[in-house]
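>
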Amino acid sequence: MDIVLSGIRPTGNLHLGNYFGALRNFKKMQHENICYFFIADYHSLTTHPTPKDLQGNVKQALVEYLAAGIDPEVATIYVQSDLPETAELYLFLNMNAYKGELERVTTFKDKARQQPENINAGLLTYPTLMAADILIHRSHKVPVGKDQEQHLEMTRTFARRFNRLYKVDYFPEPVAYNFGQELIKIPGLDGGGKMSKSDDENSAIFLADEPKMIQKKVMRAVTDAGPTEKNSPKPDPIENLFSLMRAVSSPDTVEYFDEKYNNCEIRYGDMKKQLAEDIINYTEPIREKIKELSADDDYIRKVMDMGKEKAHESGAKTVREIREIIGFRP
Ligand code: TYM
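Using this note's numbering, the first residue of the sequence shown is number 205, and each one after it goes up by one.
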């Protein structure tokens with residue numbers, strides 16, 4: 205069976221982008237693979253060095269992971285800092301990670317632009333920590349959205365380099381677990397790029413959003429004056445609405461509005477109304493589950509403890525073997 209690992213930073217509520225990029229198909233996936241899901245709380249320090257409510261954020265991420273359909277009895281769900289072996293593997297990988305290749309990573313360059321006052325070493329070595337997360341369980345597949353593609357490429361580089369340097373065939377070269385043909389990028393509602401928690405709040409739809417809020421956000425989504433020529437290409441904001449619709453609506457619905465667009469008969473108000481309704485229906489069971497689980501602190505604590513133990517079993521074994529491969533005293 206393949207080993208699958210998925211991760212998320214606890215820096216805000218989970219949105220539809222996270223869901224479709226990393227969480228969709230969980231229910232099925234966890235029965236067909238050995239699955240690890242973790243909350244990247246170490247990583248969050250690269251951008252939020254003095255977090256206000258780290259444990260509250262971690263709990264919220266855990267609740268939303270569970271609400272999205274992870275069964276903690278089947279899969280292992282844990283918090284990154286509960287597996288400190290990750291930090292040891294990160295140290296070993298950093299010894300063979302080069303400044304030049306780390307500086308070339310797009311997310312590093314973006315973050316360095318966004319927080320010029322805090323270009324810390326953790327930010328530079330973000331891809332090594334992420335590789336440690338993945339390699340600590342010797343994972344084969346990693347469900348990620350398009351934005352994480354380059355990080356995964358780096359993980360393969362580090363895995364290959366380790367195997368070559370120490371003349372072993374120890375780490376698999378993990379690939380993206382893409383559910384369709386391509387890695388997914390769920391757009392935001394502001395007409396621009398991907399849905400993200402750090403942008404304008406109204407651009408992201410969170411799994412915990414109430415129906416009224418979803419309606420409000422969708423109705424405000426950026427559109428244009430409408431096509432004037434039949435079968436014309438869709439500008440970004442419109443293509444974005446269609447992308448969202450393809451994710452949550454039935455193929456018939458998408459086709460209906462596509463035809464309207466192509467015939468220059470589209471009314472964006474109608475399309476948005478339908479899209480909002482479909483998002484509300486799609487997220488309804490998750491929303492309900494989030495409410496239920498948020499109130500059950502004992503259960504959440506139990507899940508964390510269970511995950512910690514299971515993750516440790518796998519992680520400690522890897523670090524033990526790595527130490528031996530490199531040549532440390534067993
Ligand atoms: P993070 O917390 O930014 O996002 C978590 C997951 O959600 C996906 N995602 C999206 N997918 C499609 N469309 C979007 N608009 C969208 N926005 C976010 C991301 O691709 C990701 O899969 N570096 C990671 C956390 C991490 C990790 C790992 C992930 C740390 N170690 C090891 C996998 C394996 C991150 O910042 O994800």
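Here a beta-carbon is modelled for each residue, glycine too, at the ideal position from N, C-alpha and C.
Three or more beta-carbon pairs under 8 Å between the stretch 293-313 and the stretch 330-341, yes or no?
yes
> Starting from Leu227, trace the alpha helix (DSSP H) both ways and give me its first and last residue.
Segment: none, Leu227 is in no alpha helix (DSSP H) and carries neither H nor E.
> Roughly how many whole angstroms lie between the Cα atoms of Lys345 and Gln354?
Lys345 and Gln354 have their C-alpha atoms roughly 15 Å apart.
> Glu496 to Pro439, Cα distance in whole Å?
Between Glu496 and Pro439, the C-alpha separation is close to 40 Å.
> Should Cys239 go down as buried or exposed, given a rule of 16 or more other Cβ atoms within 10 Å for buried?
buried
> Quick one: grab the DSSP three-state call for Tyr240.
strand
> Rounded to the nearest angstrom, what separates Asp286 and Pro441 at their Cα positions?
41 Å
> On the criterion of 16 or more Cβ atoms from any shown chain inside 10 Å, does Phe532 qualify as buried, or is it exposed?
exposed
> Pull up the distance between the alpha-carbon of Gly349 and that of Thr432, whole angstroms please.
34 Å
> Between Val346 and ligand 1, is there a pair consisting of the residue's CB and a ligand heavy atom that are separated by less than 7 Å?
yes
> Can you name the start and end residues of the beta strand (DSSP E) that Ser248 belongs to?
Counting along the chain, Ser248 falls outside any beta strand (DSSP E), though it belongs to the alpha helix (DSSP H) covering Asp245 to Ser248.
> Going by the C-beta, is Arg533 closer than 7 Å to any heavy atom of ligand 1?
no
> Given this structure, state the Cα-to-Cα distance separating Lys416 from Phe446, to the nearest angstrom.
Lys416 and Phe446 have their C-alpha atoms roughly 21 Å apart.
> So for Thr280, helix, strand or coil by DSSP?
Look at Thr280 here: in three-state DSSP terms it is strand.
> Can you pull the DSSP bridge partners for Ile212?
Ile243
> Any chance the CB of Leu209 is under 7 Å from a heavy atom of ligand 1?
yes
> Under a three-way DSSP split, which group does Val379 fall into?
strand
> Check whether the Cβ of Ser436 lies closer than 7 Å to any heavy atom of ligand 1, and answer yes or no.
no
> Taking 7 Å as the cut-off, is the CB of Asn222 close to at least one heavy atom of ligand 1?
yes
> By the 10 Å Cβ neighbour count, where 16 or more other Cβ atoms means buried, how is Asn435 classified, buried or exposed?
exposed
> Would you list the one or two residues that DSSP bridges to Ile207?
Partner(s): Ile238.
> Let me know the alpha helix (DSSP H) ranges lying completely inside the stretch 361-442, each 4 residues or longer, listed in chain order.
Correct list: 415-423.
> Reducing DSSP to helix, strand and coil, say where Val348 ends up.
Residue state, collapsed to three classes: coil.
> Taking Tyr302 as part of the alpha helix (DSSP H), name the residues at either end of that continuous run.
Element bounds for Tyr302: n/a, residue is neither H nor E.
> Using beta-carbon positions only, say whether Thr522 and Asp482 come within less than 8 Å of one another.
no
> Output yes or no for whether 8 Å exceeds the beta carbon distance between Leu220 and Ile390.
yes
> Which value, in whole angstroms, describes the spacing of the CA atoms of Leu356 and Gly430?
39 Å
> List, from N- to C-terminal side, the alpha helix (DSSP H) runs of 4 residues or more that fit wholly inside the stretch 447-531.
455-466, 472-498 and 501-530
> Would you say His341 touches ligand 1, meaning its beta carbon is less than 7 Å from a heavy atom?
no
> Only counting the same chain, and skipping five residues up and downstream in sequence, which positions put a Cβ closer than 6 Å to that of Ala451?
If we look at Ala451 and ignore the five residues flanking it on each side, its Cβ neighbours are Phe224.
> Would you kindly report the start and end of the unbroken alpha helix (DSSP H) that includes Lys263?
It spans Leu258 to Ala271 - the alpha helix (DSSP H) in which Lys263 sits, taken as one unbroken run.
> Just mark Ser518 as buried or exposed, buried being the case when its beta carbon has 16 or more other beta carbons within 10 Å.
buried
> By alpha-carbon positions, which one of Ile530, Glu492 and Ile212 ends up nearest to Phe241?
Ile212
> For His341, write down the residues that DSSP places opposite it in a beta bridge.
Its beta-bridge partners do not exist; DSSP assigns none.
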